[in-house]
Amino acid sequence: MPRLDDFPWTKEQVLDLARRYPTPFHIYDEQAIRETVRGLNAAFSWCPGFRNYFAVKATPNPYILQILREEGCGADCSSLAELVLSEEMGFKGEEIMFTSNNTPLKEFRKAKELGAVVNFDDLSHVAFLHGCDGLPDLVSFRFNPGPERTGNVIIGDPKEAKFGCTKAQLFEGYRLCMELGVKRFGLHTMVVSCCLKVDELLETARMCFTLVGELNEKFGIRFEFVDLGGGVGIPYRPEQSKIDIAAVGEGVRRLYEELIAAKGLAPLKVVMENGRYITGAHGFLVSRVVHRKRIYKNYVGIDACMANLMRPGMYDAYHHISIFPDDSEHIGLPARDAPPVDNSKDLITKDPVFDVVGSLCENNDKFAVDRPLNIEPKVGDVVVIYDSGAHGHSMGFQYNGKPRSAEYLYRPDGEVLEIRRAETLDDVFATLDIPGARAFGRDGGGLLPKLGALLEG
11 MPRLDDFPWT KEQVLDLARR YPTPFHIYDE QAIRETVRGL NAAFSWCPGF
61 RNYFAVKATP NPYILQILRE EGCGADCSSL AELVLSEEMG FKGEEIMFTS
111 NNTPLKEFRK AKELGAVVNF DDLSHVAFLH GCDGLPDLVS FRFNPGPERT
161 GNVIIGDPKE AKFGCTKAQL FEGYRLCMEL GVKRFGLHTM VVSCCLKVDE
211 LLETARMCFT LVGELNEKFG IRFEFVDLGG GVGIPYRPEQ SKIDIAAVGE
261 GVRRLYEELI AAKGLAPLKV VMENGRYITG AHGFLVSRVV HRKRIYKNYV
311 GIDACMANLM RPGMYDAYHH ISIFPDDSEH IGLPARDAPP VDNSKDLITK
361 DPVFDVVGSL CENNDKFAVD RPLNIEPKVG DVVVIYDSGA HGHSMGFQYN
411 GKPRSAEYLY RPDGEVLEIR RAETLDDVFA TLDIPGARAF GRDGGGLLPK
461 LGALLEG
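For the sequence shown, this note's numbering assigns the number 11 to the initial residue and increments by one for each residue that follows.
This is how it looks when you write it as structure tokens:
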């Protein structure tokens with residue numbers, strides 16, 4: 011979460027936002043996003059050609075991509091939709107990195123059409139694509155180190171993860187691509203996610219630079235780039251500290267000098283594909299308390315749900331929550347000062363803690379469990395859930411027919427811009443043929459009319 015003095019709005023501004031725009035909604039701080047990109051670029055300014063390929067899956071909104079393109083980012087894509095969105099927003103050629111898995115031919119074709127850098131996730135993709143359309147000019151492989159490294163709860167244990175090639179497959183892939191005429195090469199990995207430890211990120215760089223040396227010695231390959239993946243984390247918990255990105259850049263520089271420059275393997279571009287680090291801490295899910303329930307636990311019901319932010323329910327991930335009292339009138343909500351139910355005899359815990367929940371018919375639709383909050387929440391209060399700027403709205407879904415929320419951009423001059431409208435029930439039903447379903451089975455086309463005719467006969 012941002013430090014308290016980093017939070018971009020006063021209490022009055024938060025209440026004003028929640029009154030002007032229907033909750034729930036996501037809102038992103040443009041200036042903070044730009045400053046984070048600039049800090050990352052400065053940390054790697056020693057490396058000519060450094061580029062962060064923003065992981066489009068984190069926040070796939072065209073306004074966000076426009077901001078990041080202006081700041082010099084590329085686009086890291088993992089699907090056809092992300093390739094098309096990046097193309098529409100002006101990313102061209104090798105400004106696009108295509109890192110996919112279980113990839114259908116049409117997605118490879120689109121990546122090749124755009125001139126994107128293609129990261130092969132599996133050795134079999136080489137022969138497959140060569141036989142269909144030919145290999146791209148620039149080829150990279152994703153390395154999975156298996157038991158040599160440990161991952162984390164988000165990306166998984168490497169030897170259990172579905173991504174990437176073993177070391178033997180990696181060597182065979184480069185040999186085969188050379189045999190098939192490929193002349194340009196890169197190397198990619200993604201071992202950790204949301205990492206706040208400088209040493210772990212540097213170990214990834216050491217692993218990749220060492221592989222570059224081994225592959226050069228074996229095949230004479232002059233690599234053009236190493237993609238260290240994303241993985242740079244943000245401090246979701248109040249007790250966590252921001253990572254020292256300058257220390258990461260300096261540590262990678264020292265390893266580069268030792269393992270690349272000193273061995274005659276320079277120039278070698280270092281690139282990354284951070285998404286969460288760029289936007290995660292600069293997005294907020296704004297909601298409102300709509301219900302209080304007291305049974306064996308004290309529940310705070312809000313108008314957001316797991317469909318707006320899946321991470322707590324999916325990963326048991328921590329997102330900090332602040333309550334902003336709002337005693338103005340709220341039509342359609344229970345009375346703010348209604349006497350609470352006395353559940354003191356049934357409470358599992360006597361501590362003043364709360365479960366903050368949505369309204370889905372799923373018991374894991376919870377943003378917080380046994381969480382102490384800054385104040386006792388009341389109906390109508392505004393709820394701000396921190397760090398929703400990556401893998402928040404983008405992981406939304408429509409279970410229980412919940413329309414997905416709007417997205418807003420808070421601009422440096424204080425303007426608030428709607429960058430995605432909220433869905434309506436018309437959007438939820440847009441792909442359904444309701445008139446056809448009403449008519450289905452009539453006029454002898456279904457079982458019930460036929461039974462009716464038999465009974466009448």
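Beta carbons are placed, not taken as given, at the ideal position from N, Cα and C, and that holds for glycine.
(request) Report yes or no: do the segment 288-298 and the segment 399-412 share at least 3 C-beta pairs separated by less than 8 Å? (result) Inter-segment contact for the segment 288-298 and the segment 399-412 is present: three or more beta-carbon pairs are separated by less than 8 Å.
(message) By the DSSP assignment, the beta strand (DSSP E) with A378 in it spans what residues?
(response) Here the question's residue 378 lines up with position 368 in the sequence shown. Unbroken beta strand (DSSP E) run through A378: K376 to R381.
(request) May I ask you to report which of helix, strand or coil DSSP gives M107? (result) As a first step, residue 107 must be located in the sequence shown, where it is residue number 97. For M107, the secondary structure class from DSSP, reduced to helix, strand or coil, is strand.
(request) Jot down the residue ranges of each uninterrupted alpha helix (DSSP H) in the segment 252-284, minimum 4 residues, whole runs only, in chain order. (result) Taking only runs of at least 4 residues, the alpha helix (DSSP H) segments lying wholly in the segment 252-284 are 255-269.
(message) My parser needs the alpha helix (DSSP H) runs of 4 or more residues fully inside the segment 157-245; what are they?
(response) Uninterrupted alpha helix (DSSP H) stretches at least 4 residues long and entirely within the segment 157-245 occur at 177-189 and 208-229, given in chain order.
(message) Can you give me the C-alpha to C-alpha distance between K228 and I270, rounded to a whole angstrom?
(response) Walking along the sequence shown from the start, residue 228 turns up at place 218. Walking along the sequence shown from the start, residue 270 turns up at place 260. Taking the straight line from one Cα to the other gives about 16 Å.
(request) Could you pull the start and end residues of the alpha helix (DSSP H) that H135 belongs to? (result) Position 125 of the sequence shown, counted from the start, is the residue given in the question as residue 135. Where H135 is concerned, the enclosing alpha helix (DSSP H) stretches over S134 to C142.
(request) Report the residue ranges of all beta strand (DSSP E) runs contained in full by the segment 391-457; include only those spanning at least 3 residues, in chain order. (result) For the segment 391-457, the full-length beta strand (DSSP E) segments reaching 3 residues or more read 392-395, 416-420 and 426-430 along the chain.
(request) Using alpha carbons as the reference points, say which of C205, T220, E234 and K279 lies closest to Q250. (result) Walking along the sequence shown from the start, residue 250 turns up at place 240. The shortest Cα separation from Q250 among C205, T220, E234 and K279 belongs to C205.
(request) Could you have a look at G323 and say whether DSSP puts it in helix, strand or coil? (result) The residue labelled residue 323 in the question sits at position 313 within the sequence shown. Correct three-state label for G323: helix.
(request) Using beta-carbon positions only, say whether A314 and G368 come within less than 7 Å of one another. (result) Locating residue 314 in the sequence shown gives position 304, where the first residue counts as 1. Locating residue 368 in the sequence shown gives position 358, where the first residue counts as 1. Closer than 7 Å, so yes.
(message) Let me check one thing: in DSSP terms, what residues is V310 bridge-paired to?
(response) Counting from one through the sequence shown, the residue named residue 310 turns up at place 300. Answer is R302 and V366, bridged to V310.
(request) Please state whether DSSP places F118 in a helix, a strand or coil. (result) Looking up residue 118 in the sequence shown gives position 108. In this structure, F118 counts as helix in the three-state DSSP scheme.
(message) For the ligand FAD, I want to know if G141 counts as a neighbour, meaning its beta carbon is within less than 6 Å of at least one of the ligand's heavy atoms.
(response) The ligand FAD is not part of this structure, which contains no ligands at all.
(message) Can you tell me whether D375 is buried or exposed? The criterion is at least 16 other CB atoms within 10 Å of its CB, across all chains shown.
(response) Locating residue 375 in the sequence shown gives position 365, counting from the first residue. Buried: at least 16 other Cβ atoms inside 10 Å.
(message) Quick check: the segment 294-302 against the segment 239-249, are at least 3 beta-carbon pairs closer than 8 Å?
(response) The segment 239-249 is not in contact with the segment 294-302.
(message) Can you give me the C-alpha to C-alpha distance between G484 and L435, rounded to a whole angstrom?
(response) The displayed coordinates of the chain run from 11 to 467. Any statement about residue 484 would go beyond what the structure contains.
(request) Label N353 either buried or exposed according to how many other C-beta atoms from any shown protein chain fall within 10 Å of its C-beta, with 16 as the threshold for buried. (result) Counted from its first residue, the sequence shown places residue 353 at position 343. N353 should be labelled exposed.
(request) Measure the alpha-carbon distance for F138 versus V192 and round it to whole angstroms. (result) Working through the sequence shown from its first residue, we reach residue 138 at position 128. Working through the sequence shown from its first residue, we reach residue 192 at position 182. Looking at the two C-alpha atoms, the distance is approximately 15 Å.
(request) Specify, as a first and last residue, the run of the beta strand (DSSP E) that N51 falls within. (result) Start at 1 with the first residue of the sequence shown, and residue 51 comes out as number 41. Careful: N51 lies outside any beta strand (DSSP E), inside the alpha helix (DSSP H) at E40 to A53.
(message) So for D86, helix, strand or coil by DSSP?
(response) Mapped onto the sequence shown, residue 86 falls at position 76. Three-state result, D86: strand.
(request) Please state whether DSSP places I340 in a helix, a strand or coil. (result) To locate residue 340, count along the sequence shown from 1; it is residue 330. Ile is not the amino acid found at residue 340; the sequence shown has His there. Correct three-state label for H340: coil.
(message) Looking at Q179: is its Cβ nearer than 7 Å to the Cβ of L145?
(response) Within the sequence shown, the letter at position 169 stands for residue 179. Within the sequence shown, the letter at position 135 stands for residue 145. Between Q179 and L145, the C-beta spacing is not below 7 Å.
(message) In the DSSP output, what is G293 paired with across the bridge?
(response) Numbered from its first residue, the sequence shown carries residue 293 at position 283. Paired residue(s): Y38.
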